[in-house]
Amino acid sequence: MKRFHFFTLLFFLLNPFLFSSDLEKINSDLKRLSEEERSLFLKSAGTLKCPTCSTLGVLESDTPFSLSIREKVIVLIKEQKTEKEIQDFFVDRYGEWLLRIPPKEGIHLLLWGIPAVFIFIFLFFCFFVFYKSKSVSLGEIQEESLNEMFMADLACFKKRI
Amino acid sequence: MLRELGYLFLIFSFVTSLYGSCSGFIAQITKKRLFLFSSRVASLYGTFFVLLASLVLIYSFLNSDYSILYVYKNSSSDLPFFYRVSAFWSSLEGSHLLWTLFLSLCTSLALWTFSKQNEIFLPLISFLLQGILAWMFFLAVSSSSPFEPAFPVAIQGLGMNELLQNPYMMIHPPCLFLGYTSLAVPFAYSFSSIWMGELPREMLQSMRRWSLVSWSFLTTGVFLGGRWAYVELGWAGYWAWDPVENSSFIPWLFVTAFLHVLLLVRQHGKLAKLLFVFSFFSFFFCFFGTFITRSGMISSVHSFAQSDVAMSYLIFLIGLFVVFLVTYSFRGNKELELEKKSLPRFYQIDFLILCVLLCVSFVVIILMGTLYPIVSEYFTGIRFSVQSPYFNSFAPYIGFSFILLVTLGNLSKRRSYPKVFSKKNLLVLQFMTATSAFLFCFFGGIFETKASYLFILQLVGVILCFGSFFLFLFDFFKKYKFSKLSFLSFFRINLGSFGALLAHLGVLVAILGFLGNYRGLSQVKTLERFDIFSFYGYEFEFKGLELNPQDNTLLYQAVTGVTKDDKLVATLYPSRAKYPTKEDLIHEVDYSSTFWHDIYLTLVNFDQKNGEWVTIEFHINPTVRLVWGSLLFFIFGAFFSLLGLRKVSR
Chain A
156 MKRFHFFTLL
166 FFLLNPFLFS
176 SDLEKINSDL
186 KRLSEEERSL
196 FLKSAGTLKC
206 PTCSTLGVLE
216 SDTPFSLSIR
226 EKVIVLIKEQ
236 KTEKEIQDFF
246 VDRYGEWLLR
256 IPPKEGIHLL
266 LWGIPAVFIF
276 IFLFFCFFVF
286 YKSKSVSLGE
296 IQEESLNEMF
306 MADLACFKKR
316 I
Chain B
368 MLRELGYLFL
378 IFSFVTSLYG
388 SCSGFIAQIT
398 KKRLFLFSSR
408 VASLYGTFFV
418 LLASLVLIYS
428 FLNSDYSILY
438 VYKNSSSDLP
448 FFYRVSAFWS
458 SLEGSHLLWT
468 LFLSLCTSLA
478 LWTFSKQNEI
488 FLPLISFLLQ
498 GILAWMFFLA
508 VSSSSPFEPA
518 FPVAIQGLGM
528 NELLQNPYMM
538 IHPPCLFLGY
548 TSLAVPFAYS
558 FSSIWMGELP
568 REMLQSMRRW
578 SLVSWSFLTT
588 GVFLGGRWAY
598 VELGWAGYWA
608 WDPVENSSFI
618 PWLFVTAFLH
628 VLLLVRQHGK
638 LAKLLFVFSF
648 FSFFFCFFGT
658 FITRSGMISS
668 VHSFAQSDVA
678 MSYLIFLIGL
688 FVVFLVTYSF
698 RGNKELELEK
708 KSLPRFYQID
718 FLILCVLLCV
728 SFVVIILMGT
738 LYPIVSEYFT
748 GIRFSVQSPY
758 FNSFAPYIGF
768 SFILLVTLGN
778 LSKRRSYPKV
788 FSKKNLLVLQ
798 FMTATSAFLF
808 CFFGGIFETK
818 ASYLFILQLV
828 GVILCFGSFF
838 LFLFDFFKKY
848 KFSKLSFLSF
858 FRINLGSFGA
868 LLAHLGVLVA
878 ILGFLGNYRG
888 LSQVKTLERF
898 DIFSFYGYEF
908 EFKGLELNPQ
918 DNTLLYQAVT
928 GVTKDDKLVA
938 TLYPSRAKYP
948 TKEDLIHEVD
958 YSSTFWHDIY
968 LTLVNFDQKN
978 GEWVTIEFHI
988 NPTVRLVWGS
998 LLFFIFGAFF
1008 SLLGLRKVSR
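Residue numbers (this note's numbering), protein chains in the order written: chain A, 156 to 316; chain B, 368 to 1017.
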């Protein structure tokens, strides 16, 4: 099954004759949109996955499926739909998995929660280090001892131990 | 006949490594040198046999011996000579054999080039390394054998995957595998050290040597992989946070952290037990990455072959983790002996620890994103693969934090050396930073190309990078000046520090390259013959379609002249290649590099009847060259660091 999936993906990725005219049509359609509509297009289409690729988004992939999604996004934008409505349209039709990042709710919060714990620990240590370094002011260190420290560091460079 | 011989060699290797592991264990218990010697000799025999088996496989590829299933599946007689050799590692069984060969070579090297003080650790090292090898050989003769027979014997092979027929694919996998396998040695060292409860300085040197070698191979492997994606896949990018890319990046992050922990331990005698933890995880994640991608648990573009080998990998990984837990819980409480040096205490140490912590946080983020399909399937029943926007929402900030920590770490010396970091010197540094950052943004086209992240963020990153860059250079230069040594002797004594300097500058150059916004600008355009298209100050003229045979392919090339201010810059040939083994046409991109950006063309479509029109995707990719250039910094950095180590051990 996986193998089949991979070769289907390759087929769509590499077959040039299915989609080139669509690609140009989409590009010319895009040119006709206003600046605001174009940025809405980039925003909305940027959140969607290419259904037949493993790591690319709709905007990065030129497979027929991605191109048809791009076309549909343009149609929806012309119908004055908002970003949320466009996203909901695709989620209703294909399911949540089409989104490149899952919605930040329910169990999907794990995806942010676990890294957040580590980043929090990191920030805690940062605070600790800066607080400690602040508490030792230069005034407490004698000029001579500073020179000693520098000379010791230099000694390492003069003669590797 | 050859097939059976190859298989027999693998069985011999399995037996010798199993024996070597057992005799290493007996040597550890009985403390008899004879057992240790026989264990070491066994490793040599193992290497010799697996080398023979590999030669048999290469010979079969060169002679198109399709009685071997692996050769039949991955080669065909139209393949050029070099690709017939690289077909060896183009699929799972061959990659496994190559990995095993490299691990065997590393094991023999580790067991025969040790220093006197490390001799007491050798039995355990030999036991562990040859134990892992025995398991690898077991797989090679059971579920992942490259010498399976094909019957009836075909007269033509199925051919090698077309995407792998690229010069970078000849070097990228061996480099990565060398990096992975050489990570086993520091792990074995730290494992034996924690069991014996001793940590001599000599062992730290050996660990550093091995991990530096591993780091440089991993770096080269990862970069060449990116380069392959850039020139072969035709989407004008080099990193997509694909599961396989991630699983090669995680060991790299761990080994980088390990190198810095080594520095802490060597200079301050602190955190010695962390060495075990980091070396274990860097080694563990090499196998873990292979497991998740080859098992089909997570689909990836790189899953060129998936097999039943997954279950064996899972058992091995669990076993490895149990070994880690048992070792740490039984021996982790024992204080490792290490003579402490009375070096002055700098704040840099704190920054070093923070950097290591940041590395770990980064690993957690990448791991979470990569494994999320499995996690989400467990909780919701839906496989939810997470793509680059997730990783990209963290990566720039992590990168900035790295630069910030490095810069602050260097600046923290200011407290210790107020005279060196005088106000005047700092002003000069600030001036140089501001000027270079402006020039970089101006010439790098950062103001002109579309910004995928916030422009301000990009600008701050560039300024931080240059600030840190000059601080590094300034620090090194000041030390040279104050040491009052001649340049040559200072350089000779500080080869290691010079290597470290180069590697750190390399990181900054690479980050500058990433910041240049690699996706840059792109446009799709259909051109009739002799049509001219202007884009980013260049004029592209389609001169006609040519049909050229090259090696085993037939290329449809769109000859495109690129001019700027009426001067010819380059003639590019974006193409589609027809391979004899494939119906579809494969992308063959063409590009021309200036220092500041790449002009990168992909042939999207063309008139197959008359060759009168073509559709081309034009890309301008700023500062990509810096990314590739940083590899030189890394390689030379590692080289000088290794030279420096040689000097120390003398």
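Ideal Cβ positions, reconstructed from N, Cα and C, are used throughout, including at glycine. Given the structure is predicted, the values throughout are model-derived calculations rather than measurements.
query: Does any residue of chain A have a CB that is nearer than 8 Å to the CB of residue 891 of chain B?; result: yes
query: Quick check on the DSSP output: what are the complete alpha helix (DSSP H) runs of length 4 or more inside the region 529-614 of chain B, in order along the chain?; result: 534-549, 551-563 and 568-599
query: Looking at the structure shown, is residue 916 of chain B part of a helix, part of a strand, or coil, going by DSSP?; result: strand
query: Inspect the CB distances between the region 228-248 of chain A and the region 195-213 of chain A and report whether three or more fall short of 8 Å.; result: yes
query: With contact counted as at least three CB pairs below 8 Å, one residue from each stretch, are the region 448-455 of chain B and the region 403-412 of chain B in contact?; result: no
query: Give a yes or no on whether the minimum CB-CB distance between residue 967 of chain B and chain A is below 8 Å.; result: no
query: Determine the DSSP secondary structure at residue 939 of chain B, reduced to helix, strand or coil.; result: strand
query: If we ignore side chains and look at the alpha-carbon of each, how far apart do residue 997 of chain B and residue 874 of chain B end up?; result: 7 Å
query: Have a look at B:637, B:684 and B:484 and flag the residue whose alpha-carbon is nearest the alpha-carbon of residue 342 of chain B.; result: Within the shown structure, residues of chain B are numbered from 368 to 1017, placing residue 342 of chain B beyond reach of any answer.
query: Consider the C-beta atom of residue 230 of chain A and the heavy atoms of the ligand ZN; say whether any pair is separated by less than 7 Å.; result: Among the ligands in the structure shown, none appear at all, so the ligand ZN cannot be discussed.
query: Check whether the Cβ of residue 746 of chain B lies closer than 8 Å to any Cβ atom in chain A.; result: yes
query: Does DSSP classify residue 749 of chain B as helix, strand or coil?; result: coil
query: In the DSSP assignment, what are the bridge partners of residue 986 of chain B?; result: B:889 and B:967
query: Listed in chain order, which residues of the region 193-213 of chain A have Cβ atoms closer than 7 Å to some Cβ of chain B?; result: 204, 209, 210, 211 and 212
query: Does residue 215 of chain A have its Cβ less than 8 Å from a Cβ in chain B?; result: yes
query: Suppose contacts are defined by Cβ-Cβ distances below 8 Å. Is residue 477 of chain B in contact with residue 552 of chain B by that definition?; result: yes
query: Which ranges would you report for the alpha helix (DSSP H) in the region 468-519 of chain B if only whole runs of at least 4 residues count?; result: 489-508
query: Would you say residue 546 of chain B and residue 588 of chain B are within 8 Å of each other, going by their C-beta atoms?; result: yes
query: Along the chain, where does the beta strand (DSSP E) containing residue 952 of chain B start, and where does it finish?; result: 952-955
query: Assuming residue 925 of chain B and residue 914 of chain B are in contact, meaning their beta carbons sit under 8 Å apart, how far apart are those beta carbons, in whole angstroms?; result: About 11 Å separates the two Cβ atoms, so there is no contact after all.
query: If I'm right that residue 579 of chain B touches residue 882 of chain B with Cβ under 8 Å, what's the distance once you round it to whole angstroms?; result: Their Cβ separation, rounded to whole angstroms, is 27 Å, which puts residue 579 of chain B and residue 882 of chain B out of contact at 8 Å.
query: Please determine if the region 501-513 of chain B and the region 927-940 of chain B are in contact, where contact requires at least 3 C-beta pairs separated by less than 8 Å.; result: no
query: How do the region 886-902 of chain B and the region 864-871 of chain B stand: do at least 3 beta-carbon pairs fall below 8 Å, yes or no?; result: no
query: CA-CA distance, residue 631 of chain B and residue 223 of chain A?; result: 55 Å
query: Going by DSSP, what residues sit across from residue 924 of chain B in a beta bridge?; result: B:913 and B:942
query: Can you find a C-beta in chain A that's less than 8 Å from the C-beta of residue 867 of chain B?; result: no
query: By a C-beta neighbour count over all protein chains shown, 10 Å radius and 16 as the cutoff for buried, is residue 272 of chain A buried or exposed?; result: exposed
query: Which same chain residues, not among the five before or five after residue 295 of chain A, have their C-beta less than 6 Å away from its C-beta?; result: Interpretation of residue 295 of chain A is limited by its pLDDT of 45, a score under 50 that renders its predicted location unreliable; the figure taken from the coordinates is listed afterwards. None.
query: Closest to residue 894 of chain B by C-alpha separation, out of B:412, B:1005 and B:984, would be which residue?; result: B:984
query: On the DSSP bridge list, what partners appear for residue 908 of chain B?; result: B:899 and B:928
query: Could one say the Cβ of residue 273 of chain A lies closer than 8 Å to chain B's Cβ atoms, at least one of them?; result: yes
query: For a contact defined as C-beta to C-beta under 8 Å, what are the partners of residue 251 of chain A on chain B?; result: 749 and 751
query: Spell out whether any CB of chain B is found under 8 Å from the CB atom of residue 269 of chain A.; result: yes
query: Can you give the Cα-Cα distance for residue 1011 of chain B and residue 721 of chain B, rounded to whole angstroms?; result: 26 Å
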